[in-house]
Amino acid sequence: MPHNESTTSPEKLDHIRHSLAHLLAAAVLKEFPDAKLGIGPTIESGFYYDFLLPRAVTPDDLKMLEKTMRGFVNKKLPFTGREVTAAEAKKLFAEQPFKLDLINEFSTDSKKLTVYETGDIFMDLCRGGHVENTSEIPADGFKLDKIAGAYWRGDEKNQQLQRIYGLAFESKEALKDYEKMLEEAKKRDHRKLGKELQLFTIIDEIGPGLPLFYPKGAILRRTLENYITDLQEQRGYVPIWIPHITKGELYKISGHLDKYDAMYPPMDLKGEAKYYLKPMNCPHFMMLYKTIPHSYRELPVRYTCTTTNYRYEKSGELSGLTRVRALTQDDCHVFVRPDQIEHEINLMLDMVAEVYKTFGFDDFWVRISTHDPANKDKYIGDQKIWADSEATLTELIKKRGWKYDIGVGEAAFYGPKLDFIFKDVIGRDWQLSTIQLDMNLPQRFELEYIDENSEKQRPVVIHRAILGSTERFLGILIEHFAGKFPIWLAPVQATILPISEKFSDYAKKTYDAMTDAGVRAELSAANESLGKRIREAEMMKIPYVLVVGEKEEAAGTVNVRDRKGEEKEMPLAEFIKKIESEIKEKTL
RNA sequence: GCCACCUUAGCUCAGCUGUAGAGCAGUGCUUUCGUAAAGCAAAGGUCCCCGGUUCAAAUCCGGGAGGUGGCUCCA
C-alpha cells in the first residue's frame, strides 16, 4: 500500500484499533445502557465489537455512534489498566453475562485478570494493548463500516449478537487508500465480470448455486479442463467415467452417510432403493479399483475423472462461482504401495508447481495437516505410514522452498494432507489444490494388490485435485486476471475490424486464415463506426484487435492493437505465427 | 440456516402513495468511417412474488423468494 511514509508501527496501529473497539463499546453503552457486551478484538482492517442490543442497529446509528466516538477521542481520555481477582471481576461485571462467561473461563488457569478503564466513561475486561491516551488516535482515520450477526463464541447454538465492524488506519489517507483498494477489487469481482463478459449466469428458476455458462464461459471451462486433462494423461493418469447418481448403499460402505447425510441431495426413484446425487467421487473410484485384481507390478494405478458433484450447501454460503451446489472436480485417486508414497507425492507436487506457474500464481502457501501424537486413538491405519509420510510431506515441501504451515492435529482421521492456499489480489485465502493420504477407504472397501510373494496387501490411496473445483478456479482466474485472460485462455483471442464494408472480403480472408490456424477469432461487421467497435472489443477485453483497410489489403498485413492500446502493422502470416506461439507457450 | 441491507426495462440506475423514467444494449432506417461511443425513429415493464393498510401502493406494513456483506459450515 502507498503512504508508507507513515511512522506508525504495526503494533501502534493495533493499539489504536483495540482502543477504538473500547470507545465503540463506550458509545454503544451511552446510547443503549442495557447493552450486553461480547468481545471486541482487532482485525486486518480495523476492529469489531459484539453486542446484545434491545433492537437492530441501523446505518444511522452507526453515524451517531461514530460521532460519539470522535467526541471521546477529542476528550483526550487516558487508558489505565489494573489487575483484579476473578471474584472482583465478577462483581464489576455482574450485569454483563458474556463477560462473566469469559471470567469463568479465564480464571480456571488461576491467572490474575486485567481490566482497563478509559477515563471515567468505560471499563472493560481486557488483556491490554491500548494507546495511553485517546489523543494518540487519529480522529479521521476510522469509520464504522457495517453490521452483521455473529454467534457468541462463534457457536451456532449460542445467542446471536450484533457485530459492529469498524475500519481503522493510522491516517485519513491510509483509510482512503484501503477504501480505494476495495473499490478496485469490486471492479474485478468475478460475478460482475461474469455478467459483463458473458461468461456465466445464475438463474432464479434454476436455483441458487447452480451456475450456467454462456458460450464464452464454456470455452474457458473447456480450455481449462483440456489443459488439466492433457497434463494428467502425459503423466500416466488414465481416465475413468462414473455416473452421477448412486444407491445410498455405496456411502454406507464408505461410512460417509452417517456423517454427512444432510449434505447429500437424495433422489426419488419411485420405490426403489434410496438413491443420491453424488456429492463426491472417492467411493466410485474405490469400486472400480476393487472389481479387478491388481498386481504390485501395475501400481501406482492413477485414475482420473473430471466430474460434477452436488452438495447441499446452506443458502447463505453460496456466492458466485466460488461457492456452488454443483461443483466440478478434477478428481484423481492414485492407488500406491506404501513404498511408493514419496515418489508419487513428489510427482504431484511437480504438477502443482507447473500449473501454478502457468497461471502466474506466485502467492500461495501450503498447509500440512498432521496427526496429533498425543491423541493416537483418533487416527486409523499403520502408525509407521503416518509417521513416515508426514515426515516425507514436510521434507518435500521444504525442498521446494514453498511457504508452509504445519497444522498438528488437523489431519483427517484417515490420513495426513497437503492443502494449497492461494492468496488473491486483495489478500483473501482460497484453498485450491489438495493432496490427501487415505488409509481408511482402502480398508472399508477391502482394496488389495498381490505382492511379489503372492500375498494380499492393502494399498494406500492418495486423493488429489489440482484445480480443486473448476467453478471456483474459474472464479479466481477471472479475478486474478481481472478478465484479461492470457491469450491461450481468452474466449475470443482476436477480433477483426474492417474499416468499411469495402474491406469485408479481406477481413473475411483474414478471419478464415486465423480460424484455420486454430485461433478463436471474431469478425466484426462494418455497420458501426470503427471507434465504437474498438471500444466494444476493449470492453470485452479481447487480447488483439486487428484493423484492416486499404493499406493492409494492399500490403497483405493487419494492424494489430493489443490490450495496452499499442498499434503495430505486420504481415498476416507473421501475426498468425506470433499468436500461435503465444497460445502454445501459454504466455501470460 | 442465522443477523443486517438490497430487488424498478437485457444492463446500470432515477422516481419513494396520485395510472412508470433516463442512459446504454437490442430492433429498423440513414451513415461506410483509420484506433474507446455517428444520427434519426419506433419498441421495450404483473416496478421480484403473495397478502394487508389506504379513495389511491413501485412507494407504507406483514410473509415468501433471490441477491450482497457478515456469522456458522466447507469430506
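Just so we're aligned, residue 12 is where the first sequence starts under the numbering used here, counting upward by one.
For every residue, glycine included, the Cβ atom is placed at its ideal position computed from N, Cα and C.
Counting only runs of 3 or more residues that sit fully inside the stretch 523-551, the beta strand (DSSP E) segments are 532-534, in chain order. Per DSSP, the continuous beta strand (DSSP E) segment holding Q171 begins and ends at Q171 to A179. It is roughly 30 angstroms from the alpha-carbon of I461 to the alpha-carbon of E406. If you draw a straight line from the Cα of G529 to the Cα of Y522, it is about 11 angstroms long.
Note that the stretch 70-82 does not touch the stretch 47-62; fewer than 3 beta-carbon pairs, one per stretch, sit closer than 8 angstroms. Between A36 and F133, the beta carbon gap of about 6 angstroms places them in contact (Cβ cut-off 8 angstroms).
Straight-line measurement puts the Cα of M298 at about 26 angstroms from the Cα of N237.
Under the three-state reduction of DSSP, I446 is assigned to strand. The Cβ atoms of S480 and G418 lie no closer than 8 angstroms to each other.
Going by DSSP, H354 is part of no beta strand (DSSP E) but of the alpha helix (DSSP H) stretching over I352 to F370. Under the rule that a run must span 4 or more residues, the alpha helix (DSSP H) segments found entirely inside the stretch 402-465 read 452-455. Per DSSP, reduced to three states, the secondary structure at R336 is coil, with no helix or strand assignment. In the three-state scheme derived from DSSP, where H, G and I count as helix and E and B as strand, W376 is classed as strand.
Sequence-distant Cβ neighbours of K389 in its own chain, meaning closer than 8 angstroms and more than five residues away, are H382, D383 and F424.
Per the coordinates, the alpha-carbon of S265 lies some 18 angstroms from the alpha-carbon of A422. Relative to the Cα of I253, the nearest Cα in the group K414, I217, L458 and C293 belongs to C293. Scanning L557, F492, K520 and E512 for the CA closest to the CA of A505 turns up L557. Nearest to P453 by alpha-carbon distance, out of L500, V347, L508 and Q394, is V347.
Rounded to whole angstroms, the gap between the alpha carbons of K428 and E353 is 13 angstroms. In the structure shown, the three-state DSSP call for R469 is coil.
Relative to the Cα of E184, the nearest Cα in the group L172, G152 and E547 belongs to G152. Of the other Cβ atoms in all chains shown, fewer than 16 fall within 10 Å of the Cβ of R439; this residue is therefore exposed.
Secondary structure of I54 (DSSP, three-state): strand. Scanning the stretch 225-299 for uninterrupted alpha helix (DSSP H) segments of 4 residues or longer gives 226-244, 260-265 and 267-271, listed from N- to C-terminal end. Going by DSSP, I587 is part of the alpha helix (DSSP H) stretching over L583 to E596. If you look at R66, you'll find it isn't in any beta strand (DSSP E); DSSP assigns it neither H nor E. Three or more Cβ pairs drawn from the stretch 506-517 and the stretch 542-561 lie within less than 8 angstroms of each other, which places the two stretches in contact. Ranked by how close their Cα comes to the Cα of D399, the residues K168, T369 and I356 have I356 in first place. Under the three-state reduction of DSSP output, R199 falls in the coil class, being neither helix nor strand. By the neighbour-count criterion, in which 16 or more other beta carbons inside 10 Å mark a residue as buried, K281 falls on the exposed side. L223 counts as exposed, since fewer than 16 other C-beta atoms from the protein chains shown sit within 10 angstroms of its C-beta. With 16 or more other Cβ atoms from the protein chains shown falling within 10 Å of its own Cβ, L178 counts as buried. If you draw a straight line from the Cα of A364 to the Cα of K409, it comes to about 14 angstroms. A159: member of the beta strand (DSSP E) spanning F153 to Y162, first to last residue.
Spatial neighbours of W413 in its own chain (CB-CB distance under 8 angstroms, excluding positions within 5 residues in sequence) are listed in chain order as F375, W376 and V377. In this structure, L231 lies away from G371, with their beta-carbon atoms at least 8 angstroms apart.
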